[in-house]
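Asker: In this note's numbering, each residue's number is its place in the sequence shown (first place is 1) plus 1. Ideal placement from N, C-alpha and C gives every residue a C-beta, glycine not left out.
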Amino acid sequence: MYQGFLLDDYKVRTNGIIEREGPLNAFLVGETIMIANPSEALAHNDYLEIQVESEGNIIVEDQAFTKISSKSNIKIKVEGRGKRINWLLHPYLFYNDSSAEITNKFFLNKGKIVEAYILGRKMHKEKFSSGKIRSVTEIYVDGKLLIYDVFRVDGDSFKDKNLMGKEGLLAVYTINKKDDFDVKRK
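1. Measuring straight from C-alpha to C-alpha, what distance separates Tyr141 and Val184?
2. Output needed for Ile55: all residues of its chain with C-beta closer than 6 Å, excluding positions within five of it in sequence on either side, in chain order.
3. Classify Val79: buried if its beta carbon has 16 or more other beta carbons within 10 angstroms, exposed otherwise.
4. State buried or exposed for Val61, treating a residue as buried only when at least 16 other CB atoms are found within 10 Å of its CB.
5. In the DSSP assignment, the beta strand (DSSP E) including Leu105 goes from what residue to what residue?
6. Taking the DSSP output, what are the residues bridged to Leu146?
7. Can you tell me whether Ser130 is buried or exposed, with buried defined as 16 or more other CB within 10 angstroms of its CB?
8. Using a threshold of 8 Å, state whether the C-beta atoms of Ile86 and Ile59 are closer than that.
9. Return the first residue and the last residue of the beta strand (DSSP E) that Gln52 is part of.
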């Protein structure tokens, strides 16, 4: 099941597998779900919820960065359930003075979850000086919490070399089985 909505109330059901609310869309090709967000930007008090559930293997991708606008207060809730999940979304791009509360929960036996966060657009000379971001990732295997990770920015705390010290973070969680996993952060 896939759901997504941005302050809209309508529902569309297609082929019994994909259900959506709001302007987001999803395309199923084999084991791959491609999430398409026509606006690609979240602003003001937008709320985005994505739920993907599969009895087998599933790959989840999207078509572009999700941009979090300045002076916004965004909430994002992500949940993935399946035997094997490869969650390979583009990064979240935070504009200066943006706020976001992100919750990611995955229930799986095996898979790879890739999360990326970029603060500002350096090449466009759009600097991220300050913001408030909290992203919590929980990964469960056989119903037990295996990984709990938090990415947090409070004001300009990301500048501290002991916390982050740069304008971006890439986290890759690889789960091979219950006791065999790897976490890489760059």
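Answerer: Walking through what the data contain:
1. Whole-angstrom Cα-Cα distance: 14 Å.
2. For the record, residue 55 in the displayed sequence is Ser; it is not Ile. Here the set comprises Gly83.
3. buried
4. buried
5. According to the sequence shown, residue 105 is Asn rather than Leu. Start and end: 100 to 109.
6. Leu146 is bridged by DSSP to Tyr141.
7. exposed
8. yes
9. 48 to 54
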